[in-house]
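The sequence shown runs 1 to 141 under the working numbering.
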Amino acid sequence: MFDQLSELYPIKLNNKLANNVINLDQSQFEQVLVNLLKNADEADPDNLTRVNIYEVSSNTASQHHLKIDIIDDGAGMSDEVIQHALLPFYSTKHSGTGLGLALCKDIIEAHQGQLLFNNLSPNGFCISSDFTYLIKHSSLF
């Protein structure tokens, strides 16, 4: 999946996942990644977007959290933009629909997860997503 995405968006992938199949809706998962990578690339088209993927164990043996950090070196978001970024139809882009992040939020929340924003210093931005998933044995990537 990331090979295909890296053809669309320049990324540096740091994949720390164990060799497991992640029980998520793959098309929804891809939609989240496409939307987040597109935003990061538009914020900083001259540099690679860093993608960190890792898992965090939970209290149950079969349920884990998939964490994905999408990091760019762009200007970041103002507090006002962060406050409104997840609202449907809110966009700071002239040609934006304002649906990308709202859709990501809905998909992530459907997987008992959350989407977090963090401005980096001196510049850059990190969008972190957290999916709850069940483990099967095999390989996703």
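Virtual Cβ for every residue (Gly too), placed ideally from N, Cα, C.
query                                                                                                                     : result
Collapsed DSSP secondary structure at Ala12 in the structure displayed                                                    : Looking at the sequence itself, residue 12 is Lys, so the reference to Ala does not match. Correct three-state label for Lys12: strand.
Inter-residue Cα distance where the pair is Leu36 and Ser129                                                              : 10 Å
Burial state of Ala85, where buried means 16 or more other Cβ atoms lie within 10 Å                                       : buried
Cut-off 6 Å between Cβ atoms - residues of its own chain near Ser91, not counting five sequence neighbours on either side : Gly98
Paired residues, beta bridge with Leu17 - DSSP                                                                            : Leu17 pairs with nothing; no bridge assigned.
Distance, Gly76 Cα to Gln114 Cα                                                                                           : 19 Å
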